[in-house]
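In our numbering, the protein residues as written are 91 to 268.
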Amino acid sequence: MTFSHAFAEETVLWPALRRFAADGEELTSRVEAEHQQINDLAVEIQSTDPRDPGHDRLVTAAFALIREDIRDEEDVLLPRLQEALEYDRVRLRRLGSAWETVRRTAPTRPHPAVSRRPPGNALAGVPLSALDRLRDLSAPSGSGGRWTAAALAAAAAAACLACAAALRRRRVGSMYRR
91 MTFSHAFAEE
101 TVLWPALRRF
111 AADGEELTSR
121 VEAEHQQIND
131 LAVEIQSTDP
141 RDPGHDRLVT
151 AAFALIREDI
161 RDEEDVLLPR
171 LQEALEYDRV
181 RLRRLGSAWE
191 TVRRTAPTRP
201 HPAVSRRPPG
211 NALAGVPLSA
221 LDRLRDLSAP
231 SGSGGRWTAA
241 ALAAAAAAAC
251 LACAAALRRR
261 RVGSMYRR
């Protein structure tokens with residue numbers, strides 16, 4: 091949930107803040123750095139044995155950073171975005187709806203190598219979301235079932251093809267609207 095939430099902020103809210111607030115670039119740069127650190131820590135936690143003494147230190151650091159990120163967003167960034175769009179309630183509602191849509195379809199796992207900004211994060215998000223959701227379904231459970239690497243690769247390839255087709259339709263459609 092944390093990663094989907096942050097991905098939606100980076101894809102929808104922070105570009106709007108950069109566009110509509112004079113200090114938007116400065117404000118979003120800090121929170122993007124926090125998101126990157128959280129992703130890096132999450133990957134490191136996943137690769138560290140829970141019995142390793144450093145594991146608890148990593149988890150503590152990640153939660154402290156998440157709390158700091160929440161404070162920054164709730165106390166500074168979101169109020170600043172609301173202030174920048176104070177007289178445009180329709181745009182604020184649209185941003186909220188877009189954020190929720192992206193959050194529901196965003197990757198569910200950390201991907202530190204993915205750009206924190208559009209269009210890089212948005213383009214990578216479609217296949218990564220499909221892959222993450224398949225990995226989420228295939229995670230060890232009571233049934234012990236796992237997807238094979240080939241099945242995951244095929245699903246990721248299908249998601250990439252679907253993304254490419256959607257982008258092509260959008261590009262072709264935009265040619266007719268001019």
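All C-beta atoms, glycine included, are put in the ideal place defined by N, C-alpha and C.
The alpha-carbon of LEU171 is positioned some 13 angstroms away from that of ARG184. Per the C-alpha coordinates, the member of ASP226, HIS145, PHE153 positioned closest to ALA196 is ASP226. Membership of ALA132 in the alpha helix (DSSP H) is indicated by the continuous run 114 to 136.
Taking every protein chain shown into account, the CB of ARG206 has 16 or more other CB atoms within 10 angstroms, so this residue is buried. Taken atom to atom, the span from the alpha-carbon of HIS145 to that of THR138 is near 6 angstroms. DSSP places PRO202 outside both helix and strand once states are collapsed to three, so it counts as coil. Excluding its 5 nearest sequence neighbours in each direction, LEU155 has C-beta neighbours in its own chain below 8 angstroms: GLU124, GLN127, ILE128, LEU131, listed in chain order. Here DSSP, grouped into helix, strand and coil, assigns ARG181 to helix.
In this structure ARG108 does not touch GLU100 by the C-beta definition: roughly 11 angstroms separates them, more than the 8 angstroms allowed.
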